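Asks: Line by line, the protein sequences are chains X and D. Residue numbers for the first sequence follow our numbering, so the first one is 276 and each next one is one higher. Residue numbers for the second sequence follow our numbering, so the first one is -12 and each next one is one higher. Glycine is no exception: its CB is placed at the ideal position from the N, C-alpha and C atoms. Bear in mind that the values here come from a model prediction, so they are computed numbers and not experimental data.
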Amino acid sequence: MSFHPNDVQRRSRMASGFIAIAIAWLTMSFFRAQVVQNEAYSLQSTKNRLREIPLIAPRGVVYDRRGQVIAESVPGYSVSLLSPSPDSLRATLRRFATMISLSDEEIESAVRRLRREPNRPTVVLSDATFDQVSVLEEQRTEFPGLIIQAAPKRFYPDGPAVSAFVGYTGEITESELNSPTYTGYQSGQQVGKAGLERQYEPELRGREGSRFVVVDARGRVVQAANAQPDIPAVGPAPLQTNIDLELQRFVANLFGDSLQGGLVAMDPSTGAVLALHSAPTFDPNRFIGGIPKEYWDQLRNDARKPLYNKALQGVYPPASTFKLATSVIGLERGLVTLDDRMPQSCTGGFYYGRYFRCWEKKGHGHLTLREAIAKSCDVYFYQLGLRIGLTNLLAGGVKLQFRERSGIDLPSESRPIWPYAVDYFNRRYGPGGWNPSVVLSLAIGQADNSQTILNMARFYSALATDGSIAKPELVRRAPQRTKIFALTSDQMTGVREALTDVVSTRGTAASARIEGVVVAGKTGTAQHHEAGKPDHAWFVGFAPYESPKIVVAVMVEYGAHGYMAARLATKAMSHYLKQVTIAPPTTGD
Amino acid sequence: MIKRVVADWPLVLIALLLSAYGIASVYSAGQTEVSVGYVTVAWKRQLLWFGAGIVGAYIVSRGSVRFYEWIADKAYYLALALLTVVLVLGSGAGTAASMKGWLTIGNVRLGQPSELAKLAVVLMLAKVLSGRRAAPRAMIELWLPALVVGVPFVLIMLQPDLGTGIVFVGLFFAMLYWSGVSGLQLLLIASPVISLILAFSTQVWAIWFVLLFFLVYRYKPYLIEGVGVMVANVSMGILAPILWESLKPHQQRRLLVFLNPMEDPQASGYHVIQSQIAIGSGGWMGKGFTLGTQKRLAFLPEQHTDFIFAVVGEELGFIGVTIALALFLALFLRVVRIAGRANDSFSSLVAFGLAATWFVHVIVNIGMTLNLMPITGIPLPFFSYGGSFMLTCWLAVGILVRISSEGRGRADALAI
Chain X
276 MSFHPNDVQR RSRMASGFIA IAIAWLTMSF FRAQVVQNEA YSLQSTKNRL
326 REIPLIAPRG VVYDRRGQVI AESVPGYSVS LLSPSPDSLR ATLRRFATMI
376 SLSDEEIESA VRRLRREPNR PTVVLSDATF DQVSVLEEQR TEFPGLIIQA
426 APKRFYPDGP AVSAFVGYTG EITESELNSP TYTGYQSGQQ VGKAGLERQY
476 EPELRGREGS RFVVVDARGR VVQAANAQPD IPAVGPAPLQ TNIDLELQRF
526 VANLFGDSLQ GGLVAMDPST GAVLALHSAP TFDPNRFIGG IPKEYWDQLR
576 NDARKPLYNK ALQGVYPPAS TFKLATSVIG LERGLVTLDD RMPQSCTGGF
626 YYGRYFRCWE KKGHGHLTLR EAIAKSCDVY FYQLGLRIGL TNLLAGGVKL
676 QFRERSGIDL PSESRPIWPY AVDYFNRRYG PGGWNPSVVL SLAIGQADNS
726 QTILNMARFY SALATDGSIA KPELVRRAPQ RTKIFALTSD QMTGVREALT
776 DVVSTRGTAA SARIEGVVVA GKTGTAQHHE AGKPDHAWFV GFAPYESPKI
826 VVAVMVEYGA HGYMAARLAT KAMSHYLKQV TIAPPTTGD
Chain D
-12 MIKRVVADWP LVLIALLLSA YGIASVYSAG QTEVSVGYVT VAWKRQLLWF
38 GAGIVGAYIV SRGSVRFYEW IADKAYYLAL ALLTVVLVLG SGAGTAASMK
88 GWLTIGNVRL GQPSELAKLA VVLMLAKVLS GRRAAPRAMI ELWLPALVVG
138 VPFVLIMLQP DLGTGIVFVG LFFAMLYWSG VSGLQLLLIA SPVISLILAF
188 STQVWAIWFV LLFFLVYRYK PYLIEGVGVM VANVSMGILA PILWESLKPH
238 QQRRLLVFLN PMEDPQASGY HVIQSQIAIG SGGWMGKGFT LGTQKRLAFL
288 PEQHTDFIFA VVGEELGFIG VTIALALFLA LFLRVVRIAG RANDSFSSLV
338 AFGLAATWFV HVIVNIGMTL NLMPITGIPL PFFSYGGSFM LTCWLAVGIL
388 VRISSEGRGR ADALAI
């Protein structure tokens, strides 16, 4: 071995140099990690140890036009768990299940929620009862990750009376979380599922706050304080609607439990929806916090379909109420005047290819248009329809917006049915598969014509004003008006007078007269295909005739006679008008 | 009559400082919010072992260097025996949980034979290398040193203890270098291992092979040797995948994770990611002694053993780290100096071998905390909790004190 001092010296220096370089390299690496990358690592270190607990924000209050509450938040409780792992969560929930009732399905869905969002506390009960909360609070020390918070709960003071438009809220589902409409939402949060709650979800939703807790490597809460300060939750501005809650309650009462059908009441000049009702109703309060299965089954199995909104979703042949549309089309084209009679007088029926009946078997005699409206003579309108002609009638209907949805600010409005042109029949039934006599049926509001109650209210608000419709709005906004027909002022006056005759002793809705108010409107009896059941009853009208403040459209399923619907409508109008004169709305009309 | 022993006080001072630093760190490692069992009081045991180490160092320093030389082969064979026994009877601990490194009787962990082996191999190798007159010309003359290291190496790798294996490789090359083997020769000897490591990529390996060819040509070995080296390289290249398969899955994962910790952030990569977070978030001054959040909340695993330096990094910051590294640097340089001034070749080799052993431990352990080295489970001298290691480190100090005092040292004397 070469241990000559010089060699040793050289090797000594080389070794020392090598060692020094290695240590320097380590030092530089530490410098890079601790000084240069300090911020990034500090952030990681903080993320490791802090967990965010969301503070639930209250949902916006919904008011009617006078400031009465339609929907609000009441105190409730939510129970969540900060769990390090799905197994730990399952074990803890099994222990819970012995104290408060928790089904296996609820446990598993909580575990799924944890898997989806492992860094948020897992919501176990979004709407816990006071009893459940007390039981858990007693055992709090056994469950360090337990979080019990005030969770505002939705409440509708009028319950079933407002169910047709207010909707309800529920916990966000997994498929909703996946959809782009709900970006920024997290599991356990409440969202509007139907009605106003859903339509105005962005406006009604508050902003969540945050509280921070320190956790250890296993995700267990170490201490609640000494983390970052809370960020408080923020509730949104209240939502102001046009609804008149007094009227709404009255209407709900009118329908009661026995009737099926719907009602829409609007201000004809602004489009403000004053009341919207569908019967039978359901109680939206029972939907909050999860619908009990029995109630849901009961609603689904009810043959009267309480969950089907008759005012918005139901489409029905408008029947005789449509005769006003036929009249307007004819008047506007100059094909008829209010005092014109048709070639054939009504003797109970009319022959065109086949025999078309009038509802009055005895016949009405030779009527003017005015009288035909008041008495709802089918034979007159068959002939008027022929005079207008199928093509022009269809075009007229399109112009009067009978193909369009009203555009009300609620989800699930159905699209009405009206042929866009003659071609519709060719396409639908084949070129030889239909008969031109369909124009007769269309003229009296049957055949391929199905409208929503809302649409009919909309049309009649044009009759109540100057031929303009306003877009129906539940929430106050500047009105949007569109002119759909142009008649001379004489024609308008004449039409309106004819409509008042309907609700007079001479008309089909004589029994619906109310004292002190002149109501203008039209009845209808719509045929349907269900054997053995009476026809649907329509009435659409407005009051007071001199300067209309309210348009009401009512449809009573299986009501048999139009005056059944008319009576409901006029009572509602009268109630509203009394309120208006006695107690004008405080929030500006 | 107490013979005055000249002690190398800078060395002892540095070792004392490092031990104090280390024990304080172990104490801090036990200060957590989360219950960590025995770790909270581990520092007390460490203190005891430290005491035992001091005593042992003193005793050892009373023995003469010739005594060490005499005992070298006995210790060596004993170490081999124990290493064999532990393969049959042994159990594991810590990050080396699946390895058979510990001798246990009942539930009491006695010690790791590999600790003794390190010391014994240094002594034995020094003895073998110092027995030669001149530097070896042919590689083949190195068969005996290779065997001396190779046998325990194989036994160690059968546990399998990759970390200690690396230590053996390191001290083998270091001591060969110190004994006069030229750098080029060393490179050629090391070439099969380099080949093994580079075999993961055929192109890289091919470039290496060409380079090797030039080196062999330059070195002008005997034909057989030249061919032998090339063949060894080729066979390593071929063996590489086989050896890879023979590693246990978690060790494979460890190596993969070393290359990219984010590949498995929950399990294998977790340790090193958390360590880096702990260290990186320490900044200049650290979060304060015992106040490191990563450690306190149990995010940092093995904080009292393998990752103890991460505790230093998190709590005492870059300043604390630099002080520790400076102390280690001083230690190494001091020992190299002792090796350079040693009386005879045996002492010189022992000293250098001990320096190399410590050096590898420090570089690999500290490097591991920053993901510069794969996780191998070797402890940090004077820091990591572990009685047998603390003891052997201080025994090494004792040996070095003796070598220093018998060497050509001057006024670096302190009478005991």
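Closer than 9 Å, Cβ to Cβ, to anything on chain X: give me those residues from the region 286 to 316 of chain D, in chain order.
Replies: Those residues of the region 286 to 316 of chain D that come within reach of chain X (Cβ to Cβ, closer than 9 Å) are F286, L287, P288, G300, E301, G304, F305, V308, T309, L312, A313, F315, L316.
Asks: I(-11)(D): buried (16+ other C-beta within 10 angstroms of its C-beta) or exposed?
Replies: Unreliable placement is indicated for I(-11)(D), whose pLDDT of 36 sits below 50; the coordinate value is still reported in the next sentence. With fewer than 16 Cβ atoms within 10 Å of its Cβ, I(-11)(D) is classed as exposed.
Asks: So that I know if they touch, is there some Cβ in chain X lying closer than 8 Å to that of L387(D)?
Replies: By this cut-off, L387(D) is not an interface position.
Asks: Please work out which residues of its chain come closer than 8 Å, Cβ to Cβ, to Q619(X), disregarding the five sequence neighbours upstream and downstream, and give them in chain order.
Replies: Cβ within range, chain order: F625, V654, Q658.
Asks: Start and end of the beta strand (DSSP E) containing P329(X)?
Replies: Element bounds for P329(X): 325 to 330.
Asks: At a Cβ threshold of 8 Å, is W165(D) touching chain X?
Replies: Chain X contact via Cβ: present.
Asks: If the criterion is Cβ atoms closer than 8 Å, does the pair R486(X) and I328(X) meet it?
Replies: Yes; because the gap between Cβ atoms is below 8 Å, this pair is in contact.
Asks: Pull the bridge partners of L421(X) from the DSSP assignment, please.
Replies: Note: L421(X) sits in a beta bridge opposite L356(X).
Asks: Can you confirm whether E393(D), when its beta carbon is compared against all beta carbons of chain X, has any partner nearer than 8 Å?
Replies: By this cut-off, E393(D) is not an interface position.
Asks: Roughly how many angstroms lie between the CA atoms of S553(X) and Q319(X), to the nearest whole one?
Replies: Straight-line Cα distance between these residues: approximately 56 Å.
Asks: Quick one: residues in its chain with C-beta nearer than 8 Å to the C-beta of V322(D), no 5 flanking neighbours on either side, listed in chain order?
Replies: The answer, listed in chain order, is L(-2), A338, F339, L341, A342, W345, L387.
Asks: Give a yes or no on whether 8 Å exceeds the smallest Cβ distance from N323(X) to chain D.
Replies: Yes, N323(X) counts as interfacial toward chain D.
Asks: Figure out for me which residue from E383(X), V714(X), L675(X), A540(X) has the closest Cα to the Cα of F814(X).
Replies: Minimum Cα distance to F814(X) is reached at A540(X).
Asks: Can you find a C-beta in chain D that's less than 8 Å from the C-beta of F487(X)?
Replies: So, not an interface residue.
Asks: How would you list, in chain order, the residues of chain X whose beta-carbon sits under 7 Å from the beta-carbon of Q172(D)?
Replies: Result: empty, since nearest Cβ-Cβ is about 13 Å, beyond 7 Å.
Asks: Using DSSP bridges, identify the partner residues of V466(X).
Replies: According to DSSP, which records beta bridges pairwise, V466(X) is partnered with G445(X).
Asks: Rounding to the nearest angstrom, what Cα-Cα distance links R493(X) and W381(D) in this structure?
Replies: For R493(X) and W381(D), the distance between alpha carbons rounds to 38 Å.
Asks: Could you tell me how far apart the beta carbons of V441(X) and L357(X) are, in whole angstroms, since I believe they sit closer than 8 Å?
Replies: At roughly 35 Å, the Cβ-Cβ gap does not stay under 8 Å, so V441(X) and L357(X) are not in contact.
Asks: For T277(D) and chain X, any beta-carbon pair shorter than 8 Å?
Replies: By this cut-off, T277(D) is not an interface position.
Asks: Tell me whether L287(D) sits in a helix, a strand or coil according to DSSP, three-state version.
Replies: It is coil, neither helix nor strand.
Asks: Which residue's Cα is closest to the Cα of Y627(X): K674(X), S716(X), I331(X)?
Replies: Among K674(X), S716(X), I331(X), the Cα nearest to that of Y627(X) is on S716(X).
Asks: Classify L142(D) as buried or exposed, calling it buried when 16 or more other Cβ atoms lie within 10 Å of its own Cβ.
Replies: L142(D) is buried by the Cβ-count criterion.
Asks: Kindly list, in the order they appear in chain X, the residues whose Cβ is closer than 8 Å to that of L158(D).
Replies: Those do not exist, as L158(D) stays about 13 Å from chain X at its closest Cβ, beyond 8 Å.
Asks: Residues of chain X with a CB under 8 Å from the CB of L378(D): which are they?
Replies: Here the premise fails: no neighbours, minimum Cβ distance about 25 Å.
Asks: Is H641(X) helix, strand or coil when you go by DSSP?
Replies: Residue state, collapsed to three classes: coil.
Asks: At the 8 Å Cβ level, is S268(D) part of the contact set with chain X, yes or no?
Replies: Interface residue, yes.
Asks: Taking the Cβ atom as the reference point for each residue, do A795(X) and T768(X) lie within a distance shorter than 8 Å?
Replies: Result no, Cβ atoms of A795(X) and T768(X) do not sit closer than 8 Å.
Asks: With a threshold of 8 Å between beta carbons, is L284(D) in contact with chain X?
Replies: Chain X, which has a Cβ nearer than 8 Å to the Cβ of L284(D), makes this yes.
Asks: Using alpha carbons as the reference points, say which of L336(D), F37(D), G40(D), A104(D) lies closest to V115(D).
Replies: It is L336(D).
Asks: Only counting the same chain, and skipping five residues up and downstream in sequence, which positions put a Cβ closer than 6 Å to that of L843(X)?
Replies: L529, V829, listed in sequence order.
Asks: For Q146(D) and G445(X), what's the separation of their Cα atoms in angstroms?
Replies: Approximately 60 Å between the Cα atoms of the pair.
Asks: Going by other Cβ atoms of all chains shown within 10 Å of its Cβ, with 16 needed for buried, is N517(X) buried or exposed?
Replies: When all chains shown are included, N517(X) counts as buried.
Asks: Can you check which of these residues, V827(X), E832(X), T596(X), is closest to V548(X) by C-alpha distance?
Replies: Looking at the Cα atoms, V827(X) is the closest of the given residues.
Asks: Since I believe E832(X) is in contact with H811(X) (beta carbons under 8 Å), could you give me their beta-carbon distance rounded to a whole number of angstroms?
Replies: That belief holds up - the Cβ atoms of H811(X) and E832(X) are roughly 5 Å apart, short of 8 Å.
Asks: Looking at chain D, is there any beta carbon in it that lies within less than 8 Å of the beta carbon of M276(X)?
Replies: For M276(X), the predicted structure reports a pLDDT of 48, less than 50, and the residue's modelled location is therefore unreliable. A value from the coordinates is still provided. Output row for M276(X): interface = yes.
Asks: Pick from L665(X), G564(X), Y695(X), S712(X): whose alpha carbon is nearest that of Y630(X)?
Replies: That would be S712(X), whose Cα lies nearest to the Cα of Y630(X).
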